[in-house]
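To start, the structure itself, in structure tokens.
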Ligand code: SPD
């Protein structure tokens with residue numbers, strides 16, 4: 049069973065017969081919110097660690113990989129993004145990355161669980177440093193309902209920074225949700241969602257892509273990146289265009305970006321879209 053034992057936090061991935069562990073100096077906190085159990089640990093080498101319902105969400109040391117890849121590729125692919133909705137993302141790491149883009153005028157973050165943000169403010173203050181940016185609105189509500197009720201053609205970019213598809217995040221991985229997102233996007237709009245490990249979650253990745261296509265998205269692009277604290281250490285996000293094709297990204301703008309990133313750059317963006325052969329085989333229609 050996943051959990052804290054003998055100064056190690058270990059997450060067991062039973063379906064793939066594997067596990068990942070981090071050495072812990074102390075348990076910092078545990079809260080049972082109305083939605084989920086949230087734990088915080090201080091680790092020996094990875095800074096603080098957030099675990100939700102026994103699944104590792106982020107560490108201080110390596111969250112930049114995930115948060116940058118969920119933000120910058122989609123924002124440099126959209127022709128002119130002005131307003132962004134983040135579904136989930138309560139630790140505010142994705143929000144911080146999005147707000148680095150000076151052309152973004154408005155970001156609304158909808159996480160169902162306020163407790164995640166309150167604990168991130170305490171244990172990951174660096175991720176919450178832009179929460180008071182006047183362009184940002186933090187709401188604590190049901191992201192599925194929010195998207196269902198969103199005004200048609202009102203959003204440029206939707207970022208789904210969710211947990212795995214169990215618990216409160218489950219309804220963020222199906223055709224009905226993607227259909228709401230597609231309707232809420234403006235022409236040229238793009239959805240991006242974390243889409244799990246290519247090595248051990250291929251059926252889920254395929255099901256997500258199929259559901260996005262069934263919901264009417266015109267084109268998909270799955271990007272790969274490393275993420276040590278998630279199962280297999282290799283992760284993906286999938287972009288879905290409301291219309292048109294993926295024909296590249298605003299490379300010159302990305303190269304001239306006025307802000308710092310630890311992982312993302314033009315070469316990484318290009319490389320992230322290269323698929324290994326096993327993915328080409330598994331995901332061909
Ligand atoms: N297996 C865990 C996947 C969790 C992905 N979301 C993490 C949220 C970080 N903002």
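Residue numbers (the numbering used here): 49 to 333. The beta-carbon is built from N, C-alpha and C at its ideal position, and this holds for glycine as well.
Going by C-alpha distance, which of 88, 101, 329 and 106 is nearest residue 277?
Ranking 88, 101, 329 and 106 by Cα distance to residue 277 puts 106 first.
Pairs of beta-carbons, one from the region 126-142 and one from the region 160-174, closer than 8 Å: are there three or more?
yes
State the CB to CB distance for the pair residue 158 and residue 187, rounded to an integer number of angstroms; the pair is presumed to be in contact (CB under 8 Å).
5 Å
Cut-off 8 Å between Cβ atoms - residues of its own chain near residue 320, not counting five sequence neighbours on either side:
117, 121, 271, 272 and 273
Among 148, 224 and 324, the one whose alpha carbon lies nearest that of residue 182:
148
Among 329, 133, 308 and 283, nearest to residue 190 - alpha-carbon criterion:
133
Going by other Cβ atoms of all chains shown within 10 Å of its Cβ, with 16 needed for buried, is residue 111 buried or exposed?
buried
Nearest candidate by alpha-carbon position, reference residue 295, set 58, 317, 63 and 241
317
Any idea what DSSP makes of residue 83, helix, strand or coil?
coil
Which of helix, strand or coil DSSP assigns to residue 74
strand
Only counting the same chain, and skipping five residues up and downstream in sequence, which positions put a Cβ closer than 7 Å to that of residue 325?
none
Using the three-state DSSP reduction, which class does residue 89 fall into: helix, strand or coil?
strand
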